[in-house]
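Colleague: Quick one: the structure is below, and I'll ask about it shortly.
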Amino acid sequence: LVTDGALGAATFAAWGWRIPFLLSIVLVAISVYIRLRLQETPLFSRLKASGRSSPRPLREALASKANWKLILLALFGATAGQAVVWYTGQFLALFYMQRILKVDLFTSNEIMFVALILATPLFIVFGRLSDRIGRKKIMMAGCLLAALSYAPLYAGMQAFGNPLNVPVMIGLVFIQVVWVTMVYGPIAAFLVEFFPARIRYTCLSLPYHLGNGEFGGFTPLIFFAVYGATGGNLYLALLWPILVPIMTFVVGMLWLPETKDTKIWEEVTPAPAYGGPASMPRAGTDVGTTMK
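For the sequence shown, my numbering gives the first residue as 682, with consecutive numbering after it.
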């Protein structure tokens, strides 16, 4: 946005678009530095020290029906809807302004930038709120609100995109990003609490990346393909962004547990020596070892 504004549209299109990519080298260097200095979490270190970490986490994760149930529940009951709401609010909204409403590159990015700045603090708000009232409630509410509101929101964008009303457009995009913060704010804590420590990273990686890579990543492509194939029918094009969050809402409400009260450290806490209370083994743990 800054580069486009400084160079102008023609220069930016010719060669200026390369500048942000060159500047990203700094971010890559910072990322590498942080990763090199990162240590394992105390939870995993304790699990590894006790000999209970999995030597073959992928094989163990995929070999168990109980783990597959958790993976599929997390995919269809959480990450699929979360991903589609995210890609709709932050990518489809931008591309819709640029490709369908013909809002110029600088103005459309400016609208998205302002909406993101206004809504970003809500990631923290909904994350903190999920600690109090539950992850599931907030994520499911975000999916439902998104599904119910996309048709009027995009109809509003169509109405106020030509002639362009920038403040209204910011408001319409802002609402979509609010839904993003509702589904995304609690998702990391939910996935960590949902899967057993022994194979947690492997199990949560599958639904997260399938949800965001496939369900979310294809959202703009599916929208514009349907939009073009139906002669510009907005409501048919919105079926994917609407139906996937509805699917997640139904699956999540029926079968996902609430995880906010899960104490993940209990999995690596040694059991009492003489008949004290011990937590039940979760999917992915070795029940025989636990019983011994």
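Ideal placement from N, C-alpha and C gives every residue a C-beta, glycine not left out. Remember, it's a predicted structure, so these values are computed and weren't measured experimentally.
Tell me whether Phe702 is buried or exposed, calling it buried when 16 or more other Cβ atoms sit within 10 Å of its Cβ.
Modeller: Sequence index remark: in the sequence shown, residue 702 carries index 21 (1-based). Classification of Phe702: exposed, given that the 10 Å Cβ count is below 16.
Colleague: For the region 935-945 against the region 816-823, do three or more pairs of beta-carbon atoms, one drawn from each stretch, fall closer than 8 Å, so that the two count as touching?
Modeller: Yes, they touch.
Colleague: Give the DSSP bridge partners of Leu845, in chain order.
Modeller: For the purposes of this step, residue 845 is identified with residue 164 of the sequence shown, where counting begins at 1. Partner(s): Gly842.
Colleague: Using the C-alpha atoms, what's the distance from Ser745 back to Thr966?
Modeller: Stepping through the sequence shown from its first residue, residue 966 is reached at position 285. Stepping through the sequence shown from its first residue, residue 745 is reached at position 64. Residue confidence is low: Thr966 scores 45 on pLDDT, short of 50, so the model does not pin down where it sits. No coordinate-derived value is stated.
Colleague: Given 8 Å as the limit, is there contact between the region 793-813 and the region 848-855, that is, 3 or more CB pairs closer than that?
Modeller: Touching, yes.
Colleague: Give the list of continuous alpha helix (DSSP H) stretches no shorter than 4 residues that lie fully inside the region 768-837.
Modeller: Correct list: 786-800, 802-814.
Colleague: In chain order, what residues of the same chain have a beta carbon less than 8 Å from the beta carbon of Lys973, not counting five sequence neighbours either side?
Modeller: Taking the sequence shown and counting its residues from 1, the one referred to as residue 973 is at position 292. The predicted model places Lys973 with a pLDDT of 35, which falls under 50 and marks its position as unreliable, so this point remains unresolved.
Colleague: In whole angstroms, give me the CA-to-CA distance for Gly686 and Ser811.
Modeller: Taking the first residue of the sequence shown as 1, we reach residue 686 at position 5. Taking the first residue of the sequence shown as 1, we reach residue 811 at position 130. Whole-angstrom Cα-Cα distance: 39 Å.
Colleague: Straight-line CA distance for Leu893 to Asn843?
Modeller: Stepping through the sequence shown from its first residue, residue 893 is reached at position 212. Stepping through the sequence shown from its first residue, residue 843 is reached at position 162. It is Asn, not Leu, that sits at residue 893 in the sequence shown. Cα to Cα, Asn893 sits roughly 32 Å from Asn843.
Colleague: For Ile851, which of Ala694, Ile792, Ile700, Leu786 has the nearest alpha-carbon?
Modeller: Locating residue 851 in the sequence shown gives position 170, where the first residue counts as 1. Nearest option by C-alpha distance: Ile792.
Colleague: Nearest-angstrom Cα distance between Gly897 and Phe871?
Modeller: On the sequence shown, residue 897 is found 216 positions in, with the first residue counted as 1. On the sequence shown, residue 871 is found 190 positions in, with the first residue counted as 1. About 19 Å.
Colleague: Return helix, strand or coil for Ser705, following the three-state DSSP convention.
Modeller: For the purposes of this step, residue 705 is identified with residue 24 of the sequence shown, where counting begins at 1. Looking at Ser705 - three-state DSSP - the assignment turns out to be helix.
Colleague: Grouping DSSP H, G and I as helix and E and B as strand, with all else coil, what is Lys941?
Modeller: As a position in the sequence shown, residue 941 is number 260, starting the count at 1. Looking at Lys941 - three-state DSSP - the assignment turns out to be coil, as it is neither helix nor strand.
Colleague: Taking the alpha helix (DSSP H) that Arg881 belongs to, which residues open and close that run?
Modeller: Position 200 of the sequence shown, counting from 1, holds the residue named residue 881. 881-891 is the span of the alpha helix (DSSP H), which, as asked, contains Arg881.
Colleague: Can you have a look at Pro877 and say buried or exposed, based on whether 16 or more other CB atoms are within 10 angstroms of its CB?
Modeller: Position 196 of the sequence shown, counted from the first residue, corresponds to residue 877. Buried.
Colleague: Do Gly933 and Gly866 have their CB atoms nearer than 8 Å?
Modeller: Indexing the sequence shown from 1 puts residue 933 at position 252. Indexing the sequence shown from 1 puts residue 866 at position 185. Not a contact, by the Cβ cut-off of 8 Å.
Colleague: So, is Ala827 buried or exposed, given that buried needs 16 or more other C-beta atoms within 10 angstroms?
Modeller: Mapped onto the sequence shown, residue 827 falls at position 146. With 16 or more Cβ atoms within 10 Å of its Cβ, Ala827 is classed as buried.
Colleague: Using 8 Å as the threshold, is the C-beta distance between Val766 and Val861 below it?
Modeller: To locate residue 766, count along the sequence shown from 1; it is residue 85. To locate residue 861, count along the sequence shown from 1; it is residue 180. Yes.
Colleague: Buried or exposed: where does Tyr889 fall if 16 or more other Cβ atoms within 10 Å of its Cβ makes it buried?
Modeller: Reading the sequence shown from its first residue, position 208 is the one you call residue 889. Classification for Tyr889: buried.
Colleague: Can you grab the Cα-Cα spacing for the pair Thr760 / Ile868, in whole Å?
Modeller: Working through the sequence shown from its first residue, we reach residue 760 at position 79. Working through the sequence shown from its first residue, we reach residue 868 at position 187. Cα to Cα, the separation comes out at about 8 Å.
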